[in-house]
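Below is one structure, written out as structure tokens; the observations come after it.
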Amino acid sequence: MSKTKSALLNTLGLFFLFYGVYAIDYSVYRDHWSWVFWICYIGLVIMGAAILLRNSMVIISQLYILTIPLLIWLTDFFSRVFTGHHWFGTTDYFFEELLLPARIISLEHFFLLPLGYVAFWALGAKAKGAWVISIIEVAVIYFMVRLFTDAVQNVNCVFESCFPSVPSDALYPIRWFAIILGMILITWFLNFMVLYLTKKINYNKK
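For the sequence shown, position 104 (counting from the first letter as 1) is numbered 428 according to the numbering used here, and the numbering increases by one without interruption.
So this is what it looks like as structure tokens:
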């Protein structure tokens, strides 16, 4: 690895790590301990550390979790910007009165995916077994949120659905896991296909 590439990866890793720690620290400062468990914040910290440690498998394990939720958020955001209406209602808070630090933190929704995938490919795109890490992580976060946070905050939509089309009934916990698992597996499959096609194209060029 060239010195320039290594320096850029170190900068990116430190940026992710700083952003995640800043988001968590701000949550504690505002006395909103529940926010510490937002998957995006945790993902930023883990991805930052993984970039510094040159571990592409851990990076993609976070992207398996975050890709579809962040795409939903971005779709909602740009829908509001260009049409004035939300599709899902996940970005209402962004267009309301918001303290500057909170608005800055929320900008991570825009850069996490593109920079995360750049780091993943720059580090060799190794992904074997990463989906196992993803599933274990979301299960741990789910139970931590259930045990240690206020239901009013509804961090990661654990206590009740964030979408009108998904009912918050007695089966919601099972439905939550099914939806999250589905998102992880869809992203895993798409990533697998991209890796497979990339290797096949490179092989045919030889």
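A virtual CB, placed ideally from N, CA and C, is assigned to each residue, including glycine.
Under the three-state reduction of DSSP output, F483 falls in the coil class, being neither helix nor strand.
Excluding the 5 residues flanking it on each side, W411 has same chain C-beta neighbours closer than 7 Å at T399, D400 and S403, in chain order. According to the DSSP assignment, W445 belongs to the alpha helix (DSSP H) that extends over E432 to A446. By the beta-carbon neighbour count (other beta carbons within 10 angstroms, threshold 16), L447 is buried. In chain order, W397, D400, F401 and R404 place their CB closer than 7 Å to the CB of T415, counting only its own chain and leaving out the 5 sequence neighbours on each side. In this chain, the alpha helix (DSSP H) harbouring F401 covers S380 to T407. In the DSSP assignment, N334 falls within the alpha helix (DSSP H) that extends over K327 to Y353. Distance between A502 and T328, taken at the CA atoms: about 42 Å.
In the DSSP annotation of this structure, F412 is not part of any alpha helix (DSSP H), being labelled neither H nor E.
Judged by beta-carbon spacing, I392 lies within the 8 Å limit of M507, meaning their Cβ atoms are closer than that value. Between the segment 376 to 389 and the segment 457 to 465 there are three or more inter-stretch CB-CB distances shorter than 8 Å, so the stretches are counted as touching. Around the C-beta of I348, 16 or more other C-beta atoms lie within 10 Å, and the residue is accordingly described as buried.
Annotated as proximal: C364 and E432, with beta-carbon spacing under 8 Å. Around the Cβ of A331, a 10 Å sphere holds fewer than 16 other Cβ atoms; the residue is exposed. By the neighbour-count definition (other C-beta atoms within 10 Å, threshold 16), Y417 is an exposed residue. The criterion of a C-beta distance shorter than 8 Å is satisfied by G344 and V369. By alpha-carbon distance to A451, the top candidate from L509, I366 and L333 is L509. Contact between the segment 351 to 360 and the segment 468 to 485 is present: 3 or more CB-CB pairs across the two stretches fall below 8 Å.
Comparing C-alpha distances from G440 to each of N478, V518, Y350 and G367 shows the shortest one belongs to G367.
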